[in-house]
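Remarks on the structure that follows.
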Ligand code: KIV
């Protein structure tokens, strides 16, 4: 199979491109669209491969990726970098670019120009926040031939007016006001509405009175699509905002921190890079290139002996051993508090590394042969 065949198979597997018409059909058939945010190429590829229907390049990138306190501080330049990266990774999903603060509020000309920039970046549609007050912008964008989604309920770009991250539409009157906004957006040409942080009853009430798809984030199950912020789902959001509607299905924060700790431990213990990480000379006779080395100098770096000066602490050794577990098998990691001695830990570490660097030793078998040693060091 050539590389091109592989690509074609992958594309067939991902299925035909999702469009506005697909999302309308989903609504007619009572099928919910699966929607997530993404801001970078790998996340977009993984989400698309997983069969996600809609990817929002949200201005939440301000908080999830840029570490800003709200979405107010992100601009078009940054959003377009994220949008291009996501569009590059997607074959099937419908990609929506989120118009950031002040990219559409000032004039319809701004709105159309900035919406067009998202389309040129590879997005299929744009989203903006607000109801009646942005109707002219929605009409202008739609008249320019660009699919536009309205965003109602909790609209983070108006946090000052809303008085914080507050649930919206909690009374019948408040739900009616959101419905008025939604109808105005629908009439102005919006292809869909996103409701954020609205009780399910209000959301269903609004959804049932519109003809376009209504998606939700924290707006209950009676809708045409469900959106989550990928960082909330994957567990790598840094910060304190954890609303009720967050569905956390992974803990990338711990996984990533553990991997960095294990790497740091390997470097500090002298276990990385080992021979298997190094390129070989063409002629082994050229080995004594480094002053003082001879043919007898071992090619595999040895693990340094314990010495406080080299920062070879017990924690370092334990973390390095743990990294071998994480990398080469699915055994439970070493428990952090197990009473082990430094020298036994380093013996085990040395055993793992020398097994891994043995010719033809597969990582799994190397680790398996180190496991008995590893279990012995738990006293
Ligand atoms: O930017 C974003 O991710 C959003 C969602 C919170 C709806 O607009």
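Numbering (the working numbering), first residue to last: 1 to 379. For every residue, glycine included, the Cβ atom is placed at its ideal position computed from N, Cα and C.
Please report the distance separating the alpha-carbon of residue i from that of residue j.
i, j, result
"residue 156", "residue 267", "43 Å"
"residue 57", "residue 145", "20 Å"
"residue 232", "residue 80", "22 Å"
"residue 97", "residue 172", "32 Å"
"residue 258", "residue 94", "34 Å"
"residue 243", "residue 274", "45 Å"
"residue 237", "residue 255", "13 Å"
"residue 184", "residue 136", "10 Å"
"residue 118", "residue 283", "54 Å"
"residue 71", "residue 286", "58 Å"
"residue 208", "residue 63", "33 Å"
"residue 239", "residue 73", "17 Å"
"residue 131", "residue 24", "21 Å"
"residue 20", "residue 66", "30 Å"
"residue 210", "residue 15", "29 Å"
"residue 34", "residue 59", "19 Å"
"residue 53", "residue 215", "12 Å"
"residue 38", "residue 61", "8 Å"
"residue 329", "residue 26", "Residue placement at residue 329 cannot be trusted, given a pLDDT of 42 that sits under 50; what the coordinates show is reported in the next sentence. The straight-line gap from Cα to Cα measures roughly 42 Å."
"residue 109", "residue 265", "55 Å"
"residue 69", "residue 158", "14 Å"
"residue 112", "residue 127", "12 Å"
"residue 28", "residue 276", "57 Å"
"residue 199", "residue 142", "29 Å"
"residue 174", "residue 204", "14 Å"
"residue 186", "residue 241", "31 Å"
"residue 125", "residue 245", "25 Å"
"residue 32", "residue 13", "20 Å"
"residue 193", "residue 253", "32 Å"
"residue 272", "residue 120", "44 Å"
"residue 55", "residue 177", "28 Å"
"residue 217", "residue 36", "10 Å"
"residue 395", "residue 82", "Beyond the ends of the chain as shown, which are 1 and 379, falls residue 395; an answer cannot be given."
"residue 50", "residue 77", "29 Å"
"residue 338", "residue 278", "Reliability fails at residue 338, whose pLDDT of 42 lies under 50, so the model's placement of it is uncertain and no value is given."
"residue 161", "residue 260", "41 Å"
"residue 269", "residue 280", "23 Å"
"residue 221", "residue 129", "22 Å"
"residue 105", "residue 92", "31 Å"
When you compare the CB positions of residue i and residue j, do they come within less than 7 Å of one another, or not?
i, j, result
"residue 114", "residue 107", "no"
"residue 18", "residue 48", "no"
"residue 196", "residue 249", "no"
"residue 206", "residue 179", "yes"
"residue 191", "residue 147", "yes"
"residue 247", "residue 235", "no"
"residue 150", "residue 202", "no"
"residue 152", "residue 182", "yes"
"residue 100", "residue 75", "yes"
"residue 188", "residue 133", "no"
Comparing the CB of residue i with every heavy atom of ligand 1, is any distance shorter than 6 Å?
i, result
"residue 60", "yes"
"residue 196", "yes"
"residue 37", "yes"
"residue 98", "yes"
"residue 74", "no"
"residue 119", "no"
"residue 217", "yes"
Can at least three beta-carbon pairs, one atom from the stretch 228–239 and one from the stretch 165–180, be found at a separation below 8 Å?
-> Fewer than three beta-carbon pairs drawn from the stretch 228–239 and the stretch 165–180 are found closer than 8 Å, and the two stretches are therefore not classed as touching.
Those runs of the alpha helix (DSSP H) which lie wholly inside the stretch 120–171 and span at least 4 residues: Here the runs fully enclosed are 135–143 and 159–162.
message: Counting beta carbon pairs with one atom in the stretch 38–45 and one in the stretch 73–88, are three or more of them shorter than 8 Å?
response: They touch, by the three-pair rule.
Exercise. Which ranges would you report for the alpha helix (DSSP H) in the stretch 216–248 if only whole runs of at least 4 residues count?
Worked result: Runs of the alpha helix (DSSP H) inside the stretch 216–248: 230–234.
* To do: Run through the stretch 73–100 for me and flag every whole beta strand (DSSP E) of 3 or more residues, listed as ranges in chain order.
  => If only uninterrupted beta strand (DSSP E) runs of at least 3 residues are considered, those enclosed by the stretch 73–100 are 94–98.
Run through the stretch 30–61 for me and flag every whole beta strand (DSSP E) of 3 or more residues, listed as ranges in chain order.
You should have 33–37 and 54–57.
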